[in-house]
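In our numbering, the protein residues as written are 5 to 783.
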């Protein structure tokens with residue numbers, strides 16, 4: 005070929021290779037088409053060698069629409085493969101072609117290696133009728149074009165590398181965006197496997213986590229279809245590779261060491277580590293290309309997968325730290341809640357000394373709020389004399405809605421406490437659950453129930469499953485449908501005053517260790533508060549007894565003085581009054597009717613009678629009376645007294661309403677003295693209702709100091725007793741009437757007291773007063 009022709013050929017080849025408007029694959033296609041036309045080859049094919057120099061993986065053929073097609077021709081096989089393997093010009097029969105080689109339709113095929121500076125980039129093949137058709141000058145001219153073609157293939161490879169890096173960076177960016185979200189730990193492992201399968205060409209991915217990762221240790225995998233039969237072999241390989249990577253803490257790239265044809269030829273295992281702490285390993289099996297054939301991983305793949313491993317390590321560490329932060333935050337929040345709750349409980353307990361209210365507040369605090377500590381709570385107080393634990397109150401999540409917060413200012417935390425209304429306490433007390441608790445008694449016997457063990461051992465006890473606990477009160481368990489419960493003793497100065505029993509029967513939530521710890525702290529506070537309340541009540545009882553004793557002493561001294569005075573008055577006045585009264589009555593009978601003298605005599609008689617009654621009251625109050633006990637019918641006594649005042653009641657328009665029990669109530673007492681009690685009360689009621697009114701008399705059974713008794717309630721509508729006079733109504737000679745001795749109620753009170761009973765006064769100013777006379781039925 006002339007020099008000018010070779011120059012023109014090379015010039016045209018260079019122009020095609022440097023065409024900026026065409027992509028590298030399009031330039032190769034144009035160059036192949038040009039050479040086919042220039043050398044008048046019916047068909048010409050270019051085969052491109054892979055990076056590992058193992059296969060011819062792409063081909064460009066003239067006359068075909070596609071720029072680049074896939075193929076897989078091992079070096080040394082077929083015409084093109086042998087040419088690439090031997091790196092020399094070959095002319096062979098077309099029948100010796102590899103199945104992936106293009107057919108040129110000629111008897112012979114010439115294969116020319118495409119080299120640049122000794123580096124093989126591919127093979128160019130074309131058909132020949134005979135070997136003589138391909139002359140030496142054609143070979144020389146073609147070599148010039150092949151050098152340009154090699155450079156073009158090099159450019160294709162560089163472009164592919166650039167695209168690969170861009171894809172890798174894009175993959176890492178997208179993967180980072182996915183993994184940097186706030187993801188719960190249980191969802192992170194499936195997300196990692198799914199994401200790795202999506203962004204890599206691996207046929208199987210195995211994630212192995214170590215216990216130090218802060219996540220459940222073990223291996224997790226995701227494989228493509230058709231790989232299940234190979235999975236045992238892959239897992240064995242992964243386990244060995246993982247141990248090696250954990251020890252060396254560097255990635256492992258393995259190629260061409262698996263002899264079995266079905267297994268992927270290569271795998272990469274990368275360490276998952278964060279701040280030099282090993283979290284686990286991630287293994288990728290079987291890189292696949294577009295034709296789905298497995299190829300070896302290369303260093304670029306290893307770098308990409310190592311970067312993916314770093315992202316995943318950061319994601320695991322971040323998720324673990326976030327979970328730890330959440331757990332720590334929840335724990336601190338719970339501790340703060342517990343501390344604040346205990347502080348409020350302490351303030352609440354210091355705000356009241358009423359035992360009943362204190363018990364309501366204690367149980368309500370355990371079961372109230374949006375997230376209560378427990379669903380149900382029961383309190384039992386110990387009765388050491390009887391050897392039992394008495395149920396006092398039961399509160400559930402439904403009945404614990406009555407807590408009030410008197411201090412609404414959040415800044416005033418020192419005054420933070422709870423309160424509960426009387427209506428809420430009544431609702432809790434009358435609930436079905438509380439009624440069952442109050443009707444319950446537990447024996448103080450460690451062999452019979454768990455509560456006794458808690459009392460005697462002075463420590464909380466948790467029963468996770470009542471069916472597996474032998475020493476439980478089965479009747480108690482069945483009555484309250486208990487499946488799991490906890491018992492905590494109420495401690496005060498190393499003494500147990502009661503127990504609190506809690507469970508979560510309504511929601512079914514398990515009682516945790518933290519719940520038990522809080523319950524113990526809570527009951528320690530509650531036990532001291534209950535002890536303080538009980539001590540205060542004892543002090544109150546003692547003070548009341550002292551006041552009563554003092555009043556009785558003063559009353560005794562007063563009675564002694566009255567007795568001496570009454571004796572003198574009786575001695576000095578009784579005889580003159582008898583004489584005056586006798587003469588006045590005689591004059592009254594002899595004086596004519598309607599005369600002024602008769603009116604004077606009548607006045608003398610009435611005044612003498614008044615003085616005689618006063619003198620008799622004084623003598624009756626001062627002298628010691630003896631009770632003659634007989635069987636008394638309370639209804640008969642009341643009826644006899646009503647008969648005496650019937651005319652007066654009718655005169656003053658007083659209506660009497662009586663409520664008697666069906667069965668007659670009989671008790672031991674002095675019927676005559678008791679008549680005086682009710683007669684005095686009826687007369688006082690009559691004087692209070694001079695303009696008319698209603699007198700209600702109610703008789704019922706009652707208890708007094710734990711013994712059987714009878715109760716008589718006498719209620720009038722006379723406007724009640726003035727508050728300033730209420731505390732003196734049982735004092736001798738105290739009266740608010742224009743006439744009277746002030747001895748009626750003191751005499752009645754003394755008679756009832758001598759019978760071992762008591763009189764209770766329920767005064768309603770402006771409405772009326774109720775006297776409740778309670779008498780024991782037996783001596």
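The beta carbon of each residue, even a glycine, is placed where N, CA and C say it ideally should be.
Where residue i falls: helix, strand or coil (DSSP)
| i | result |
| --- | --- |
| residue 705 | strand |
| residue 451 | coil |
| residue 635 | strand |
| residue 97 | strand |
| residue 595 | coil |
| residue 422 | coil |
| residue 275 | strand |
| residue 200 | helix |
| residue 126 | strand |
| residue 656 | coil |
| residue 569 | helix |
| residue 664 | coil |
| residue 227 | strand |
| residue 87 | helix |
| residue 413 | Confidence at residue 413 is low in this model, with a pLDDT of 43, below 50, so the placement of that residue should be treated as unreliable; the coordinate-derived value is given next. Three-state result, residue 413: coil. |
| residue 508 | coil |
| residue 405 | coil |
| residue 74 | strand |
| residue 531 | helix |
| residue 13 | helix |
| residue 679 | helix |
| residue 711 | strand |
| residue 299 | strand |
| residue 219 | coil |
Outcome for residue i when other beta-carbon atoms lying within 10 angstroms are tallied against a minimum of 16
| i | result |
| --- | --- |
| residue 600 | exposed |
| residue 273 | buried |
| residue 661 | exposed |
| residue 86 | buried |
| residue 368 | buried |
| residue 229 | exposed |
| residue 143 | exposed |
| residue 77 | buried |
| residue 412 | Bear in mind that the predicted position of residue 412 carries a pLDDT of just 43, short of 50, making it unreliable; the figure below should be weighed with that in mind. The residue in question, residue 412, is exposed, as its Cβ has fewer than 16 Cβ neighbours within 10 Å. |
| residue 215 | exposed |
| residue 106 | buried |
Run of the beta strand (DSSP E) containing residue i, from where it starts to where it stops
| i | result |
| --- | --- |
| residue 252 | It is not in any beta strand (DSSP E) - residue 252 instead sits in the alpha helix (DSSP H) that spans 235-252. |
| residue 40 | Counting along the chain, residue 40 falls outside any beta strand (DSSP E), though it belongs to the alpha helix (DSSP H) covering 28-42. |
| residue 492 | 489-496 |
| residue 765 | 762-768 |
| residue 671 | 670-673 |
| residue 380 | 380-387 |
| residue 60 | 59-65 |
Proximity to residue i [Cα-Cα], best of the options
| i | options | result |
| --- | --- | --- |
| residue 328 | 525, 504, 433, 218 | 218 |
| residue 521 | 783, 540, 493, 542 | 493 |
| residue 316 | 285, 643, 158 | 285 |
| residue 726 | 756, 769, 92, 455 | 769 |
| residue 694 | 669, 671, 720, 670 | 720 |
| residue 515 | 529, 530, 487 | 487 |
| residue 430 | 270, 365, 68, 475 | 365 |
| residue 681 | 651, 708, 642 | 642 |
| residue 111 | 305, 103, 717, 132 | 132 |
| residue 630 | 205, 401, 674, 441 | 674 |
| residue 480 | 518, 538, 395, 428 | 395 |
| residue 718 | 401, 685, 322, 244 | 685 |
| residue 709 | 304, 782, 688 | 782 |
Rounded Cβ spacing between residue i and residue j (contact assumed at less than 8 Å)
| i | j | result |
| --- | --- | --- |
| residue 227 | residue 235 | 6 Å |
| residue 51 | residue 60 | 4 Å |
| residue 649 | residue 690 | 6 Å |
| residue 703 | residue 658 | Residue 703 to residue 658, Cβ: 19 Å. No contact. |
| residue 772 | residue 724 | 6 Å |
| residue 160 | residue 32 | 7 Å |
| residue 460 | residue 392 | About 14 Å; that fails the 8 Å criterion. |
Start-to-end residues for the alpha helix (DSSP H) that takes in residue i
| i | result |
| --- | --- |
| residue 327 | 303-354 |
| residue 748 | 748-758 |
| residue 470 | Run containing residue 470: none; DSSP gives neither H nor E here. |
| residue 439 | 436-442 |
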